[in-house]
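I have placed the structure first, in the form of structure tokens, so that the comments after it can refer back to it.
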Amino acid sequence: MPDCKIIDPLVTPYVDGHIGDADRRAVDEHLRVCPPCDSRVHAERTVRDLIHTRKSALASPCAPDALHARCAAFARRAPDARLHSDDRLKPRPWTTARDVSRPITWRSRLAPLALAASLVLIVGAAFLYQLTASSSRVLAAELAADHVKCFALNGVLRTHDEPAAVESSMLSGFGWQMRLPLAANELELVGARPCLYGEGKIAHIMYRHRGEPMSLFMLPKAIRRQELVQVLGHKAAIWCVGDRTFVLVTREPRSEVDRLTSTLQAQLR
Amino acid sequence: MARQGLGSVSQAFEAEALASLDSLYRTALRLTGVPADAEDLVQETYLKAFRAADTFKPGTNLRAWLFTILHNTARNRARDRARDTVAVDSEVVDRAAEAPGPRGRAETPETLLLNDVLAPELQAAIDTLPEAFRQAVWLRDVEEFSYAEIAEMLSIPAGTVMSRISRGRHMLFERLNHLRTVNA
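Shown next as structure tokens:
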């Protein structure tokens with residue numbers, strides 16, 4: 237009679253019915269005289285059968301319709317048409333066969349490299365500030381770099397989240413029960429990402445305001461006084477509420493930043 | 104058949120690939136636990152799949168190929184976020200998988216009791232399994248992939264796949280029995 241160690245790797249294929257005749261006979265013979273192995277097989281088969289009978293119920297939920305539409309749109313795009321600045325997915329019915337079959341030019345080959353090089357420079361510049369500028373400036377520079385990087389990534393991934401999904405990820409990722417500020421519907425939500433800053437994870441919510449990228453970062457510590465910093469071509473409005481620090485990053489004019497900051501502060505209070 | 108007037112992906116390939124979207128999404132939900140992250144993961148999977156469509160070998164399992172891309176993408180993301188996540192120590196997982204299963208006789212009443220387990224309870228129990236075992240059980244028993252296909256997806260030997268399925272099923276058996284006993 238084969239011992240338990242020899243039978244062990246055969247148990248799962250035996251339960252699943254994917255085993256040769258000779259091995260099956262060996263397992264059958266062993267199970268007749270080995271109650272512990274017989275129990276193992278019994279337990280494994282019970283769970284397998286249970287999952288199979290509940291499979292149709294387990295096979296829910298279905299993916300959201302919007303996700304189906306976005307993924308279908310990927311198939312309809314030429315491979316080199318995915319780095320457009322517009323980060324919302326729309327089917328492109330006007331794309332022609334000529335567009336699709338167009339060979340990849342040196343420009344399109346260099347574009348991702350140029351983007352990567354720009355990001356390296358921006359991030360490098362952000363670290364240089366660490367040596368020369370105040371801590372708020374470092375914070376603003378790093379978040380401005382992150383703002384550019386995440387919107388560039390979003391240009392490729394084309395994510396577009398609903399407010400409820402973002403609120404759910406804030407709760408599951410950070411433990412923050414919050415209502416997402418949409419500033420009287422003038423902000424269009426793009427999505428949310430967990431990003432790294434310092435030694436921890438921060439929430440990055442991406443919007444468009446009048447078509448322009450805008451980011452709201454939330455840090456889980458109240459570490460800054462209220463101020464507005466201009467850095468790397470962006471403005472960063474910093475403020476604290478309770479035990480959280482908020483940073484609004486955008487390229488919009490100062491007056492617009494002040495107005496948006498006041499609106500968001502009122503909504504987040 | 105080449106798609107007329109649109110991208111380089113054939114209509115047949117596109118239709119077959121998109122038919123797996125719901126099951127990819129459910130698997131992504133099991134991997135991420137967050138709907139928004141699952142959507143992100145599925146989107147990236149399709150983006151990569153359609154870009155690499157010409158590398159797919161016709162006649163092989165397109166669904167398994169998509170699941171492999173999904174798991175590779177999830178692994179890369181986890182690696183990128185290594186500072187935030189608890190990495191799965193594959194040696195520890197494999198040692199756990201090699202540990203003996205329940206040795207006491209599985210009583211028939213217990214087995215019968217499990218027949219009353221509802222899908223939400225079963226789903227919750229599956230979700231509490233450690234990731235390595237959850238993936239293996241889910242891909243085998245819900246998505247019904249072969250051991251070899253799962254091995255390819257998870258980048259582990261087929262023997263390890265089988266031992267993880269076995270251990271995962273036993274963990275589920277114990278958890279569901281415990282749940283039934285407490286409820287009773």
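One line per chain: the protein sequences are A and B, in this order.
Anchor point for the first sequence: position 113 equals 349 in this note's numbering, and the numbering is continuous, going up by one each time.
Anchor point for the second sequence: position 117 equals 220 in this note's numbering, and the numbering is continuous, going up by one each time.
Cβ atoms here follow ideal geometry from the backbone N, Cα and C, with glycine treated the same way.
Small disclaimer: the values here were computed from a predicted structure and weren't measured.
- When secondary structure is reduced to three states using DSSP, Ile268 (chain B) falls in the helix class.
- Beta-bridge annotation (DSSP): Ala258 (chain A) is not paired with any residue.
- In the three-state scheme derived from DSSP, where H, G and I count as helix and E and B as strand, Thr163 (chain B) is classed as coil.
- Non-local C-beta neighbours of Val465 (chain A) in its own chain, meaning closer than 6 Å and more than five positions away in sequence, comprise Ser372, Arg373, Ala376 and Ala472, ordered along the chain.
- Asn179 (chain B) sits exposed, since fewer than 16 C-beta atoms from the chains shown fall within 10 Å of its C-beta.
- Chain B places a beta carbon closer than 8 Å to that of Asp397 (chain A), counting this residue as a contact.
- Annotated three-state conformation of Thr481 (chain A) is strand, per DSSP.
- In chain order, Ala439 and Pro456 place their CB closer than 7 Å to the CB of Phe410 (chain A), counting only its own chain and leaving out the 5 sequence neighbours on each side.
- Only exposed fits Pro297 (chain A), as fewer than 16 other CB atoms lie within 10 angstroms of its CB.
- Within chain B, the C-beta atoms nearer than 7 Å to that of Lys291 (chain A) come from Val245, in chain order.
- Taking the beta carbon of Gln226 (chain B) as reference, the chain A residues within 7 Å of it are Leu294, listed in sequence order.
- Within the region 268-286 of chain B, the residues whose Cβ lies closer than 7 Å to any Cβ of chain A are, in chain order, Ile268, Ser269, Arg272, His273, Leu275 and Phe276.
- Taking a C-beta distance under 8 Å as the contact criterion, Leu127 (chain B) and Phe159 (chain B) do not qualify as a contact pair.
- The beta carbon of Glu117 (chain B) falls within 8 Å of a beta carbon belonging to chain A, placing the residue at that interface.
- For the C-beta of Cys298 (chain A), the chain B residues within less than 7 Å are, from N- to C-terminus, Asp125.
- Within the region 402-429 of chain A, Val402, Ser404, Ser405, Ser408, Gly409, Gly427 and Ala428 place their CB atoms closer than 8 Å to a CB of chain B, listed in sequence order.
- Those residues of the region 437-459 of chain A placed with their C-beta closer than 8 Å to a C-beta in chain B are Lys437, ordered along the chain.
- Leu242 (chain B) is positioned such that its CB atom lies no closer than 8 Å to that of Met265 (chain B).
- Contacts with chain A at 8 Å (Cβ-Cβ) include Met265 (chain B).
- Take Ile268 (chain B), set aside five residues on each side of it, and the residues of its chain with a beta-carbon closer than 7 Å to its own are Ala239, Val240 and Arg243, in chain order.
- By the criterion of at least three beta-carbon pairs nearer than 8 Å, the region 247-262 of chain B is not in contact with the region 257-273 of chain A.
- Rounded to the nearest angstrom, the gap between the Cα atoms of Arg429 (chain A) and Phe387 (chain A) is 11 Å.
- Among the residues of chain B, those whose CB is under 8 Å from the CB of His288 (chain A) are Asp244, following chain order.
- Taking C-beta atoms as the reference points, Val251 (chain A) and Arg284 (chain A) count as a pair closer than 8 Å.
- Setting aside the 5 residues that flank it on each side, Gly469 (chain A) is surrounded in the same chain by Arg487, each with a C-beta closer than 7 Å to its C-beta; the list follows chain order.
- Look at Lys471 (chain A) here: in three-state DSSP terms it is strand.
- Counting only the Cα atoms, Arg154 (chain B) lies some 15 Å from Glu119 (chain B).
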